[in-house]
Amino acid sequence: MCHQLGITRSAFYKWKHRIVPEQEQLNREIAELIKEYDERFSHILGYRRMTDWINHFNHTNYSRKRIHRIMKKLDIHALIRKKKKKYKTVKPDETAENKLARNFYTTAPNKKWVTDVTEFKIPNSHKKLYLSAILDLYDRYPIAFVISGRNDNRLVFKTFDKAIEKNPTAKPILHSDRGFQYTNKNFQKKLKDTDMIQSMSRVGHCIDNGPIEGFWGIIKSEMYQMYDISDETSLRYAIKDYI
Numbered sequence: 001m002c003h004q005l006g007i008t009r010s011a012f013y014k015w016k017h018r019i020v021p022e023q024e025q026l027n028r029e030i031a032e033l034i035k036e037y038d039e040r041f042s043h044i045l046g047y048r049r050m051t052d053w054i055n056h057f058n059h060t061n062y063s064r065k066r067i068h069r070i071m072k073k074l075d076i077h078a079l080i081r082k083k084k085k086k087y088k089t090v091k092p093d094e095t096a097e098n099k100l101a102r103n104f105y106t107t108a109p110n111k112k113w114v115t116d117v118t119e120f121k122i123p124n125s126h127k128k129l130y131l132s133a134i135l136d137l138y139d140r141y142p143i144a145f146v147i148s149g150r151n152d153n154r155l156v157f158k159t160f161d162k163a164i165e166k167n168p169t170a171k172p173i174l175h176s177d178r179g180f181q182y183t184n185k186n187f188q189k190k191l192k193d194t195d196m197i198q199s200m201s202r203v204g205h206c207i208d209n210g211p212i213e214g215f216w217g218i219i220k221s222e223m224y225q226m227y228d229i230s231d232e233t234s235l236r237y238a239i240k241d242y243i
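Sequential numbering of the sequence shown, starting at 1, is according to UniProt numbering.
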């Protein structure tokens, strides 16, 4: 082989046993993580999501630029997702100000939470499942979620109670849309009792709650590619396992 490459045997062994630079070794380790996560998530992660997952599960702080560069070298990229349908927002009677004001950045946990409810159609049925979740904007990971066959106050209240149970001293800004559950007086009392600040999106501005809207979009496009969903049981399992 050395003869075919036109190099001496000593030069080859010197290269083979050389000390690998620290950054090169780190890039190799990141490349292995990228390949592992790409396989685990059925080739659905783009470089942004790949960066978020690697940093979250490995307690690292790699930049998106670095992950993007390594993914490009590995020729790894996400499958194309379908565009999300847009729906009109119904104006509620009671609202709160948009105190979050699209400032989705935070330097610590339990400072800014966002919440919402989304629906999933059950295959081979006219029924739906509803998923309520609360994300912490620190890592944009769900701190609480509840699945129900009904989109009612109990669904949202139970999600809130689970979040408080896990984080009893948290006093974040809690941002939502203007859904009837969040304008409910009993829900507003829960916020006051825990010293939380309520924030709401403006009418027709779903981007005001962009992080959780994006989270819903990712779930709905990726989950159906990762799981065999044929009925309510398999749909419930897929949602829980994905999250």
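Ideal placement from N, C-alpha and C gives every residue a C-beta, glycine not left out.
Where residue i falls, given that 16 or more other Cβ within 10 Å makes a residue buried
i    : result
D136 : buried
H175 : buried
L235 : buried
L155 : buried
P123 : exposed
N58  : exposed
T159 : buried
T169 : exposed
T60  : exposed
N209 : buried
Cα-Cα separation, residue i to residue j
i    : j    : result
Y182 : P211 : 18 angstroms
N103 : T8   : 60 angstroms
E213 : C206 : 7 angstroms
T106 : S230 : 39 angstroms
L131 : S148 : 7 angstroms
V117 : Y141 : 15 angstroms
I34  : I54  : 8 angstroms
K73  : N27  : 11 angstroms
A101 : V114 : 12 angstroms
A195 : K171 : Rather than Ala, the amino acid found at residue 195 in this sequence is Asp. Answer to the nearest angstrom: the Cα atoms are 6 angstroms apart.
Y237 : E165 : 23 angstroms
I173 : P21  : 45 angstroms
F180 : A78  : 36 angstroms
K192 : E24  : 52 angstroms
Beta-bridge partners of residue i, as assigned by DSSP
i    : result
S125 : Partner(s): none; S125 has no beta bridge.
L174 : W113 and Q198
P142 : L135
R119 : The sequence as given places Glu at residue 119; Arg does not occur at that position. Beta-bridge pairing links E119 to Y130.
Original post:
If you pair each beta-carbon of the stretch 122-138 with each one of the stretch 38-57, do three or more pairs fall below 8 angstroms?
Top reply: no
Subject >> Inter-stretch contact at 8 angstroms, needing at least 3 Cβ pairs: the stretch 197-204 / the stretch 217-228 >> reply: no
**OP:** Run through the stretch 9-69 for me and flag every whole alpha helix (DSSP H) of 4 or more residues, listed as ranges in chain order.
**Re:** 9-16, 22-40 and 47-58
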